[in-house]
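Just below is one structure, and these are the notes that go with it.
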Amino acid sequence: MRYIVLVAGGSFNPVTNMHLRMFELARDALIKTGQFKVLGGIVSPVSDGYNKPSLLPSKHRIEMLKLALGRGGCSDGIPSSWIRLGTWEAIRSQWTPTRKVLDHYQRRIDAMLADTDEAQLNGPPDGKRSRIDEESDELAWLRSLVAKLRAKESQPDVRIMLLCGGDVLQSFAVKGVWQEEDMVSIVRDYGMVVLSRPGSDPHRFVHTFDLINPYERNIRLVTEWAVNDISSTLIRRTLQRNESVRYMLPDPVIDYIYRNGLYGSTASWPRLENFAD
Amino acid sequence: MTGGGDLPVHNVLLVACGSFNPVTNMHLRMFELARDALTRTGRFRVLGGLVSPVSDAYSQVAQLEGLAAVNHRLEMIRLALQPPSREGPAAWVRLARWEAGLADWTPTRRVLDHYQAVMDCRPVQQGAEVQAGATAGASAATAAAAGAATDPLTVAHPMLLCGSDMLKSFAVPGLWTNDDLVKILRDYGLIVITKPSCNPQQIIFENDLLNTYEQNIALVTEWTVNELSSAFVRRALRRRESVRYLLPDPVIEYIYRNALYQSTTERPRLVRWFVLSFLLMSFR
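Respectively, the protein sequence lines represent chains A and B. Numbers in our numbering are just positions in the first sequence, counted from 1, shifted up by 6. Numbers in our numbering are just positions in the second sequence, counted from 1, shifted up by 3.
The structure is reproduced here in structure tokens:
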């Protein structure tokens, strides 16, 4: 039995129900195969160094993710206890290739399993530590998950797997976007769960793309049947037009956006006149 | 609010009828889209919204199986309609219990008539079970009408909010009485939310009655959450798959707690090979 930690990268500008649903579908799909158990999920937003126009500062994107995952703010919903926010990538000043993010988490997990994990051995530091190495919430959480697992199994097999949409898979074929060795490493050493809409043809892509085709069995394709075209771009556009985005992303995230006037929104929750209770 | 020249501004109360079995983000999204679309035209002022689930009597009429008991469906809708923020304003869409409390199935036209009467402050037929909360819809409608009454040049009426399924059903012979259809189309109006793949203009074109009142039918395309249906949610629950982010968390929690729609939080257990072989061996 292989234990998987799903890692999804992206701008999350802002996080939407589609992103969150992606995790749920991937988890169900992996469990259904009978070969995997899903230990958890990590959302890893890009750093501000990504240089995309209209990318909000990571401070906001991180706060919205925290609200979406129910780890902060006024969320009354069920906290998403199996998905956590990963800030390692976000706090770095430069953009980090996806493969390096996966490497980072896999290395930490391997160290936890081999008892060579620094934080476990050394305890809290007395000297100065660089911001990048600072203990982040998701590592503490991973550590506890791994510890629980080792209480049950002597040599658990814990692997990181990349979670993404069909557009990311298709971007493999676009020159200059990915390093070849990164793509090979991702499909060979980690594996992917790819969420696609019905009608798109990820199977054909995997079939025709020579670089990744040898690792076909590590690429799990899942169809999102409740077509969920809630893209961040659409959310931003709707907010700009002062129209409603309710039920496309969690209420606490919308609340945050309204309160901070993000994405050009000047709206607030609809207050209909003469509609007293 | 100007209506563009001398055109009257319609003050409308959006009313959605259906089984809501269960209520999903798609239903909730419909209200948001409708409100934005109508407000954009400048000819409408949306006073509020009502979700009016059918009574249990509907399952006999429609030969429907698997319709969750009305008290469950009402509670799920109530949970779904909670306002988004504790510090923010009260919700603009409310739960309407009148139809659900009636012993017999009630045609949609009668539901709309009922709320028109409430808005006009005329006496209304009480349902057989008048629960404490049964008048929430009525009070919402009254308040809405009171708001409208401040401007004597305007009209206030309920407007039927629905999806393309209901629009298509208008063309099915025998399903609706001509009288009811005319009343709805002529006096109340329709706002239809459709998926991109649907062609509502064609449905209207091909039906004489719909065509006559085309001006009273507003069409809105739902570009995003368009394949999500109650049937989809029920199927996923049956298969023990996640429905998170398809409907509000409090509703999901309620479904699991009451084991509705054959839901269970247990994942199907795979019988391990060695257990099976042990059992086989023990029978030798």
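Glycine included, each C-beta is placed from N, C-alpha and C at the ideal position. These numbers come from a predicted model, not from an experiment.
Keeping to the same chain, check which residues put their C-beta closer than 6 Å to that of residue i; ignore five residues upstream and five downstream.
i          : result
Gly-16(A)  : none
Gln-246(A) : Gly-270
Lys-186(B) : Arg-112
Ala-135(B) : The pLDDT assigned to Ala-135(B) is 37, lower than 50, so where the model puts this residue is not dependable, and the model offers no usable value.
Gln-112(A) : Ile-166
Thr-244(A) : Val-251
What does DSSP give as the partner residues of residue i in its beta bridges?
i          : result
Leu-16(B)  : Gly-51(B) and Pro-161(B)
Arg-165(A) : Ile-10(A)
Asn-234(A) : Val-228(B)
Met-198(A) : Leu-168(A) and Ile-225(A)
Ile-68(A)  : Partner(s): none; Ile-68(A) has no beta bridge.
Arg-252(A) : Leu-255(A)
Gly-16(A)  : Pro-51(A)
Ala-221(B) : Ile-194(B)
Val-44(A)  : Ile-10(A)
Gly-166(B) : Ile-196(B)
Leu-73(A)  : In DSSP, Leu-73(A) forms no bridge with anything.
Ile-89(A)  : Gly-47(A)
Val-96(B)  : Gly-52(B)
Along chain A, in chain order, which residues have C-beta atoms closer than 8 Å to that of residue i?
i          : result
Asn-2(B)   : Absent from the model: residue 2(B). The displayed extent of chain B is 4 to 287, so no value can be given.
Asp-123(B) : None at all; the shortest Cβ gap to chain A is about 16 Å.
Arg-32(B)  : Arg-252, Tyr-253 and Met-254
Counting only Cβ pairs nearer than 7 Å, list the residues of chain B close to residue i.
i          : result
Asn-23(A)  : Tyr-248
Asp-163(A) : Chain B residues near Asp-163(A): none, gap ~17 Å exceeds 7 Å.
Among the options, which has the Cα closest to the Cα of residue i?
i          : options                                           : result
Trp-108(B) : Val-175(B), Ser-55(B), Gln-119(B) and Gly-166(B)  : Ser-55(B)
Ala-174(B) : Ile-194(B), Asp-190(B), Tyr-191(B) and Gln-205(B) : Gln-205(B)
Thr-111(B) : Arg-76(B), Leu-170(B) and Leu-84(B)               : Leu-170(B)
Val-180(A) : Gly-92(A), Phe-211(A), Ile-225(A) and Tyr-9(A)    : Phe-211(A)
Arg-73(B)  : Pro-87(B), Arg-89(B), Leu-105(B) and Leu-84(B)    : The residue you asked about is not Arg; residue 73(B) is Val in the sequence shown. Measuring from the Cα of Val-73(B), the nearest candidate turns out to be Leu-105(B).
Arg-100(B) : Gly-91(B), His-75(B), Pro-92(B) and Met-33(B)     : His-75(B)
Ala-19(B)  : Val-121(B), Leu-98(B) and Tyr-259(B)              : Leu-98(B)
Leu-168(A) : Ala-14(A), Arg-8(A) and Tyr-9(A)                  : Ala-14(A)
Asp-109(A) : Ser-99(A), Val-11(A), Asn-234(A) and Ile-263(A)   : Val-11(A)
Glu-209(B) : Pro-199(B), Leu-84(B) and Ser-172(B)              : Ser-172(B)
Asn-266(A) : Leu-62(A), Glu-144(A) and Gln-176(A)              : Leu-62(A)
Ser-233(B) : Gln-119(B), Arg-46(B), Leu-31(B) and Pro-11(B)    : Leu-31(B)
Glu-186(A) : Asp-143(A), Glu-144(A), Arg-105(A) and Gly-40(A)  : Arg-105(A)
Arg-189(B) : Tyr-216(B), Asp-59(B), Ala-262(B) and Gly-91(B)   : Tyr-216(B)
Gly-76(A)  : Asp-216(A), Ile-89(A) and Thr-39(A)               : Ile-89(A)
Could you list which residues in chain A have their beta carbon closer than 9 Å to that of residue i, in chain order?
i          : result
Pro-110(B) : Per Cβ cutoff of 9 Å: no residues; Pro-110(B) is ~28 Å from chain A at best.
Asn-219(B) : Per Cβ cutoff of 9 Å: no residues; Asn-219(B) is ~23 Å from chain A at best.
Under 8 Å Cβ-Cβ, which residues of chain B neighbour residue i?
i          : result
Asp-34(A)  : Glu-244 and Ser-245
Trp-275(A) : Pro-86, Pro-87, Ser-88, Gly-91 and Pro-92
Ser-250(A) : Glu-35, Leu-36, Arg-38 and Asp-39
Ile-260(A) : Pro-87
Could you work out which residues of chain A lie near residue i, taking near to mean beta carbons separated by less than 7 Å?
i          : result
Arg-46(B)  : Residues of chain A passing the Cβ test: none, with the nearest at roughly 17 Å.
Asn-28(B)  : Tyr-253
Trp-226(B) : Asp-235
Go through its chain and collect everything with a Cβ distance to residue i's Cβ below 7 Å, but skip five positions before and after it.
i          : result
Tyr-257(B) : Glu-78, Met-79 and Leu-82
Asn-248(A) : Ser-271, Thr-272 and Ala-273
Val-236(B) : Pro-25, Thr-27, Val-246, Leu-249 and Leu-250
Asp-183(B) : Pro-110 and Arg-112
Pro-203(B) : Ser-167, Leu-170, Val-195, Thr-197 and Leu-222
Ile-241(A) : Pro-20, Thr-22, Val-251, Met-254 and Leu-255
Counting only the same chain and skipping the five closest in sequence on each side, list residues whose C-beta sits under 8 Å from that of residue i.
i          : result
Val-223(B) : Leu-36, Ala-37, Ala-40, Ile-194, Val-195, Ile-196 and Thr-197
Asp-211(B) : none
Tyr-348(B) : What is shown of chain B runs 4 to 287, which leaves residue 348(B) out entirely.
Ile-37(A)  : Lys-43 and Val-44
Please check the pair residue i and residue j, which I expect to be a contact at CB under 8 Å, by giving their CB distance rounded to whole angstroms.
i          : j          : result
Pro-208(A) : Val-200(A) : 6 Å
Pro-51(A)  : Leu-26(A)  : Not a contact, Cβ separation roughly 13 Å.
Glu-230(A) : Ser-202(A) : 7 Å
His-160(B) : Val-15(B)  : 6 Å
Phe-2(B)   : Gly-52(B)  : Absent from the model: residue 2(B). The displayed extent of chain B is 4 to 287, so no value can be given.
Val-228(A) : Tyr-9(A)   : Going by Cβ atoms, the distance from Val-228(A) to Tyr-9(A) rounds to 19 Å, so no, they are not a contact pair.
Asp-257(A) : Pro-87(B)  : 4 Å
Ala-144(B) : Tyr-118(B) : 5 Å
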